[in-house]
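Colleague: When the letters of the sequence shown are read in order and numbered with the numbering used here, they come out as residues 1 to 285.
The C-beta atom is built at its ideal place from N, Cα and C for all residues, glycine as well.
Being a predicted model, the structure only gives us computed values, none of them experimental.
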Amino acid sequence: MKVLMNDQITKRNDIIIDIEDRGYQFGDGVYEVIRVYNGNAFYLQEHITRLIRSASELKMTLPYNEERLLTLLNQLVAENQLIEGNIYLQVSRGVAPRSHQFPEHSEAVLIAYTYKAARPLSLLQNGVSTILTEDIRWLRCDIKSLNLLGAVLAKQEAVDAGCHEAILHRNGTVTEGSSTNVAIIKEGTLYTHPADNLILHGITRQIILECANDLCIPVREETFTVEQLFAADEVFISSTTMEIAPVTSIDQKTIGSGTPGPLTHRLQQAFEEKIKTLKHPGTEI
Ligand code: PMP
Numbered sequence: 001m002k003v004l005m006n007d008q009i010t011k012r013n014d015i016i017i018d019i020e021d022r023g024y025q026f027g028d029g030v031y032e033v034i035r036v037y038n039g040n041a042f043y044l045q046e047h048i049t050r051l052i053r054s055a056s057e058l059k060m061t062l063p064y065n066e067e068r069l070l071t072l073l074n075q076l077v078a079e080n081q082l083i084e085g086n087i088y089l090q091v092s093r094g095v096a097p098r099s100h101q102f103p104e105h106s107e108a109v110l111i112a113y114t115y116k117a118a119r120p121l122s123l124l125q126n127g128v129s130t131i132l133t134e135d136i137r138w139l140r141c142d143i144k145s146l147n148l149l150g151a152v153l154a155k156q157e158a159v160d161a162g163c164h165e166a167i168l169h170r171n172g173t174v175t176e177g178s179s180t181n182v183a184i185i186k187e188g189t190l191y192t193h194p195a196d197n198l199i200l201h202g203i204t205r206q207i208i209l210e211c212a213n214d215l216c217i218p219v220r221e222e223t224f225t226v227e228q229l230f231a232a233d234e235v236f237i238s239s240t241t242m243e244i245a246p247v248t249s250i251d252q253k254t255i256g257s258g259t260p261g262p263l264t265h266r267l268q269q270a271f272e273e274k275i276k277t278l279k280h281p282g283t284e285i
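Right, dumping it as structure tokens:
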């Protein structure tokens, strides 16, 4: 497997991570996960725009410009001959003697690699079980930072309960999942938490809002409560890797009919159309 380290594409074994890398010691950095369908990085530009925003919120600058990054990531996908899978990309503030404040001199360290991953087709079709737990994360969840302990603990709680995802709430208001956004459908309207500091502004969430608009499904970017979550007609989670996954139960309580709902299904179909328009880079259009 080839790995992108700063601006060099090289072999994994040739990479050296410094023990004083701030990503390693403080989680001081940002990341993205980008889906590859049919050899094409899906919504790559949007992911890179979000990465640059996350970095800028942490007062970090990337080691080179956006155009170069897009070129190198496409090159990485091609060199690894990845057809279906993900790109993981992270940028740390760099290497410096360990001290909390920003170092006077450090250069961001960028690493990206790819891995094969099949689409979660059976979960998309049959839905997922979830738990509800408290959102104990910090107040800048809009920054896709390397610090993921709140999410890690919540996901483990879900896995320990035999579930796929933990849905998070702050004082009874649903925010998002540990690694997904959450939406509910009630009487034909889609509700999702506003894109503020309490949730990650998911790229998949954004695509879903576009699809809902195309399908004339009314959308309200408004907060909703735990009571509204349990009383929803349909609930789904979304992310780059999970796409649009229907939620069939929360804390063992059935949601709606207990099977994937009709509006979730229509959104899944609209999403599928977007994937289908992607051609393999070598294919004539
Ligand atoms: N919220 C959180 C906390 C996440 O970690 C993710 C996954 N990156 C998402 C939402 C979904 O974002 P996206 O659709 O951009 O993958």
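Return the Cβ separation of C176 and H193 in integer angstroms, given the expectation that the two are a contact with Cβ distance under 8 Å.
Modeller: Before going on, a small fix: residue 176 reads as Glu here, not Cys. So it is a contact: roughly 6 Å between Cβ atoms.
Colleague: Which one of L76, I143, E210 has the shortest CA to CA distance from K59?
Modeller: The shortest Cα separation from K59 among L76, I143, E210 belongs to I143.
Colleague: Can you determine whether any heavy atom of the ligand PMP sits closer than 7 Å to the C-beta of A212, and answer yes or no?
Modeller: Checking every heavy atom of the ligand PMP against the Cβ of A212, none is found closer than 7 Å.
Colleague: If you count every other CB in all the chains shown that lies within 10 Å of the CB of N13, and 16 or more means buried, which is it?
Modeller: N13 should be labelled exposed.
Colleague: Where in the region 60-93 do unbroken runs of the alpha helix (DSSP H), each at least 4 residues long, occur, reported from the N-terminal end onward?
Modeller: Qualifying alpha helix (DSSP H) stretches, in chain order: 66-79.
Colleague: Three or more beta-carbon pairs under 8 Å between the region 20-34 and the region 117-137, yes or no?
Modeller: As far as the Cβ criterion goes, the region 20-34 does not touch the region 117-137, which means the pair count is below three.
Colleague: Taking only runs of the beta strand (DSSP E) that begin and end inside the region 200-266, which ones reach a length of at least 3 residues, in chain order?
Modeller: DSSP runs (the beta strand (DSSP E)) wholly in the region 200-266: 234-239, 243-250.
Colleague: Looking at the ligand PMP, does it come within less than 7 Å of L44, judged from the CB to the closest heavy atom?
Modeller: Checking the Cβ of L44 against the ligand PMP gives no.
Colleague: So, helix, strand or coil for T180, using DSSP?
Modeller: The answer is coil: DSSP assigns T180 none of H, G, I, E or B.
Colleague: So which of Y37, H201, E79, L267 has the shortest CA-CA distance to A212?
Modeller: The option with the nearest alpha carbon to A212 is L267.
Colleague: Under a criterion of Cβ closer than 6 Å to any non-hydrogen atom of the ligand SAM, which residues qualify, in chain order?
Modeller: For the ligand SAM, the structure offers nothing, since it holds only the ligand PMP.
Colleague: List the DSSP bridge partners of Q8.
Modeller: Note: Q8 sits in a beta bridge opposite M5.
Colleague: DSSP three-state label for T277, please.
Modeller: Three-state result, T277: coil.
Colleague: Indicate whether P97 and E20 have their beta-carbon atoms separated by less than 8 Å.
Modeller: It is a contact, given that the beta carbons lie within the stated cut-off.
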